[in-house]
Amino acid sequence: MKKLTKALCCCLALCFVLTFAFTLAGCNTSPVKNLIYIIGDGMGFNHIENTKLYMEVDQLNFEQFYAGEVTTHCADSDITDSAASATALATGKKTNLDYVGLDPDGKKLKNIMEISKSYGKRTAIVTTDVIGGATPASFSAHAESRDDTVDIIKSQASGKVDLLVGKWSSAYAYSNKKHFDEKGFAYTESVDELKTMQSGKIVGNIQNVDSIYNPSADNPTSLKTLVEYALDYLTKDNKKGFTLMVEGAYIDKHSHEQDIMSMIYAMMDLNDAIDYILEWVSKRDDTAIIFTADHETCGLQKAENKDALDDDLYTADYHTSANVPLYLYNITTDQTLFDNTELFHLAKKIVKNR
Ligand SMILES: [Zn+2]
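Letter by letter, the sequence shown follows residues 4 to 357 in this note's numbering.
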């Protein structure tokens, strides 16, 4: 009898272990293996509202995926900069102003691109900023200051991002190309040449990256064009999935200039890129999107109507601590208020196929 009880206990224990193991395995059946992390630099709620007033539309496509608000403070300030905030979005840790991919003690933090690579994913960053700008840098480099350009470029060249594409700048083009050459990156400054480059490590410092809505831009290359190329590159002969970070940088930069029309042109350029992405993801079930901002810039108020769109709607001289909007595609959560560090954890789940 004693023997029988023992055998029964063993059997039950085995059943329990097997059930647990199958449950765990069951969790790992998500078809979602691709992550697109989109950042509207400096994009508060009213940057979107005023853009809609100008465009005379009630809603932009991405707004149907509204998921809540995000707090943006950093380790040493209620009002963050792009470096500290992008570090939080990319690594899940708060850090100090100006720090790029380092914790407040100066220790390297593992970013989502490095984690993606450890899962065999292809990785890319496309931005309307220079590739060493604070936001792309915090997703691809480690440096004590966002102004340590050479450190950032060297770190990116030896880092885990396969494709880095941004706006051309003489500083990046001439003094930093050699760091990428040394690490085996192919390099181009032409979008036409870029489109012919389909594999290997690639860096593009692309001339004339600008909003097609900016009347003073000369034959601009839009963010949408860069995104189209990046998605082709990321999916060519790739079964393991990818992580792509897309940044619209000039919402922030034009807000610093308190130039509302240029800001709106930049927002429309980002919106076009997102429309393309939404169309692209709608044809498949393997891609999730996290779209947010790193912080609000210059306390922008909402105009009463299109005619009232004016530079005076900016009410602050710098970034503010206002919460920023969050949009999620193919990610389910009941949470509606997030800290920016928590978005990293959502991103990590996608990367790990959990
Ligand atoms: Zn800024």
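Every residue, glycine too, gets a C-beta built ideally from N, C-alpha and C.
Exercise. With 16 other CB atoms within 10 Å as the buried threshold, where does residue 323 fall?
Worked result: Position 320 of the sequence shown holds residue 323. Buried, by the Cβ-count rule.
Exercise. Which of helix, strand or coil does DSSP assign to residue 361?
Worked result: Here the chain has residues from 4 to 357 only, and residue 361 is not among them.
Exercise. Looking only at C-alpha atoms, which of 103, 122 and 69 sits nearest to residue 340?
Worked result: The residue you call residue 340 lines up with position 337 of the sequence shown. Closest option to residue 340, Cα to Cα, is 69.
Problem set entry | C-alpha gap between residue 211 and residue 304, whole angstroms | Against the sequence shown, residue 211 aligns to sequence position 208. Against the sequence shown, residue 304 aligns to sequence position 301. Between residue 211 and residue 304, the C-alpha separation is close to 30 Å.
Exercise. Beta-carbon separation of residue 273 and residue 129 under 8 Å?
Worked result: One-based indexing of the sequence shown puts residue 273 at position 270. One-based indexing of the sequence shown puts residue 129 at position 126. Their beta carbons are not under 8 Å apart, which means residue 273 does not touch residue 129 by this criterion.
Exercise. Ligand 1 heavy atoms versus the CB of residue 300: any closer than 7 Å?
Worked result: One-based indexing of the sequence shown puts residue 300 at position 297. Yes, Cβ of residue 300 sits closer than 7 Å to a heavy atom of ligand 1.
For this session: Would you kindly check if the distance between the Cβ of residue 73 and the Cβ of residue 326 is under 8 Å?
Result: Taking the sequence shown and counting its residues from 1, one reaches residue 326 at position 323. Taking the sequence shown and counting its residues from 1, one reaches residue 73 at position 70. Yes, the pair counts as a contact, with Cβ atoms nearer than the cut-off.
For this session: Indicate the three-state DSSP secondary structure (helix, strand or coil) for residue 112 in the structure shown.
Result: Taking the sequence shown and counting its residues from 1, one reaches residue 112 at position 109. Here residue 112 sits in coil by DSSP.
For this session: Evaluate residue 288 with the Cβ neighbour count: other Cβ atoms within 10 Å of its Cβ, from every protein chain shown; 16 or more gives buried, anything less gives exposed.
Result: Residue mapping note: residue 288 aligns to position 285 of the sequence shown, counting from 1. With fewer than 16 Cβ atoms within 10 Å of its Cβ, residue 288 is classed as exposed.
Exercise. Can you give the beta carbon distance from residue 48 to residue 93, rounded, assuming they're within the 8 Å contact cut?
Worked result: In the sequence shown, residue 48 corresponds to position 45, counting from 1. In the sequence shown, residue 93 corresponds to position 90, counting from 1. So it is not a contact: roughly 23 Å between Cβ atoms.
Problem set entry | CB of residue 161 within 8 Å of CB of residue 146, strictly | The residue labelled residue 161 in the question sits at position 158 within the sequence shown. The residue labelled residue 146 in the question sits at position 143 within the sequence shown. Going by C-beta atoms, residue 161 is not nearer than 8 Å to residue 146.
For this session: Note down the Cα distance separating residue 275 from residue 331, rounded to an integer number of angstroms.
Result: In the sequence shown, the residue the question calls residue 275 occupies position 272. In the sequence shown, the residue the question calls residue 331 occupies position 328. Near 17 Å, if we compare the C-alpha coordinates of residue 331 and residue 275.
Exercise. Helix, strand or coil: which one does DSSP assign to residue 80?
Worked result: Along the sequence shown, read from residue 1 onward, the residue named residue 80 stands at position 77. It is a strand residue.
For this session: With distances taken Cα to Cα, identify the nearest neighbour of residue 203 among 34, 190 and 246.
Result: For this step, residue 203 is matched to residue 200 along the sequence shown. Comparing Cα-Cα distances from residue 203 to each of 34, 190 and 246, the minimum goes to 190.
For this session: Answer yes or no: the CB of residue 255 versus the heavy atoms of ligand 1, is any distance below 7 Å?
Result: Looking up residue 255 in the sequence shown gives position 252. Answer for residue 255: yes, Cβ within range of ligand 1.
For this session: Look up residue 200 in the DSSP assignment and say whether it is helix, strand or coil.
Result: Counting from one through the sequence shown, the residue named residue 200 turns up at place 197. Residue 200 falls in the coil class under three-state DSSP.
Problem set entry | Cβ shell of residue 302 (< 6 Å), same chain only, five flanking positions each side left out | On the sequence shown, position 299 is the one that residue 302 refers to. Cβ neighbours of residue 302 beyond the five flanking positions: 318, 319 and 323.
Exercise. Taking the alpha carbon of residue 199 as the point to measure from, which residue in 182, 236, 59 and 163 has its own alpha carbon closest?
Worked result: Position 196 of the sequence shown, counting from 1, holds the residue named residue 199. Of the candidates 182, 236, 59 and 163, the one whose C-alpha sits nearest the C-alpha of residue 199 is 236.
For this session: For residue 118, name the three-state secondary structure that DSSP assigns.
Result: On the sequence shown, position 115 is the one that residue 118 refers to. Helix.
Exercise. Taking the alpha carbon of residue 171 as the point to measure from, which residue in 213, 337, 117 and 328 has its own alpha carbon closest?
Worked result: Position 168 of the sequence shown, counted from the start, is the residue given in the question as residue 171. Selected option, being the one with the closest Cα: 213.
For this session: May I have the straight-line CA-CA distance separating residue 353 from residue 255, to the nearest angstrom?
Result: Here residue 353 refers to the residue found at position 350 of the sequence shown. Here residue 255 refers to the residue found at position 252 of the sequence shown. Roughly 28 Å between the two C-alpha positions.
Exercise. When the Cα of residue 169 is compared with those of 240, 100 and 127, which residue comes out closest?
Worked result: Looking up residue 169 in the sequence shown gives position 166. When each option's Cα is compared against that of residue 169, the closest is 127.
Problem set entry | Distance, residue 342 Cα to residue 355 Cα | For the purposes of this step, residue 355 is identified with residue 352 of the sequence shown, where counting begins at 1. For the purposes of this step, residue 342 is identified with residue 339 of the sequence shown, where counting begins at 1. If I take the Cα positions, the gap works out to 21 Å.
Exercise. Three or more beta-carbon pairs under 8 Å between the segment 35–55 and the segment 249–269, yes or no?
Worked result: yes
For this session: Going by CA-CA distance only, name the one from 233, 252 and 240 that's closest to residue 246.
Result: The sequence position of residue 246 within the sequence shown is 243, counting from 1. Among 233, 252 and 240, the Cα nearest to that of residue 246 is on 233.
For this session: List the endpoints of the continuous alpha helix (DSSP H) containing residue 345.
Result: In the sequence shown, counting from the first residue as 1, residue 345 sits at position 342. Here the alpha helix (DSSP H) through residue 345 covers 343–354.
For this session: Taking residue 249 as the reference, give the member of 140, 107, 34 and 118 with the closest Cα.
Result: For this step, residue 249 is matched to residue 246 along the sequence shown. Checked all of 140, 107, 34 and 118; the closest Cα to residue 249 is 140.
Problem set entry | Cutoff 7 Å; reference residue 175; Cβ partners in own chain excluding five residues on either side | Here residue 175 refers to the residue found at position 172 of the sequence shown. 133, 134, 135 and 208, listed in sequence order.
For this session: Flag this pair as yes or no: are the beta carbons of residue 100 and residue 84 separated by less than 8 Å?
Result: Translated into the one-based positions of the sequence shown, residue 100 becomes position 97. Translated into the one-based positions of the sequence shown, residue 84 becomes position 81. Yes, Cβ-Cβ distance for residue 100 and residue 84 is below 8 Å.
Problem set entry | Best match in 58, 251, 206 and 215 for proximity to residue 312 [C-alpha to C-alpha] | For the purposes of this step, residue 312 is taken as the residue at position 309 of the sequence shown. Measuring from the Cα of residue 312, the nearest candidate turns out to be 58.
Exercise. Using a threshold of 7 Å, is the CB atom of residue 322 nearer than that to any non-hydrogen atom of ligand 1?
Worked result: Reading the sequence shown from its first residue, position 319 is the one you call residue 322. Yes, the beta carbon of residue 322 sits closer than 7 Å to at least one heavy atom of ligand 1.
For this session: Would you decide whether residue 346 is buried or exposed? Buried here means 16 or more other CB atoms lie within 10 Å of its CB.
Result: Working through the sequence shown from its first residue, we reach residue 346 at position 343. Buried.
Exercise. With distances taken from CA atoms, which of 310, 297, 316 and 314 is nearest residue 40?
Worked result: Within the sequence shown, the letter at position 37 stands for residue 40. Of the listed residues, the one whose Cα sits closest to residue 40 is 297.
For this session: Could you pull out every residue in the same chain whose Cβ sits closer than 8 Å to the Cβ of residue 117, ignoring the five residues on either side in sequence?
Result: Counting from one through the sequence shown, the residue named residue 117 turns up at place 114. Correct list, in chain order: 162 and 163.
Exercise. What does DSSP give as the partner residues of residue 72 in its beta bridges?
Worked result: One-based indexing of the sequence shown puts residue 72 at position 69. Residue 72 pairs with 328 and 340.
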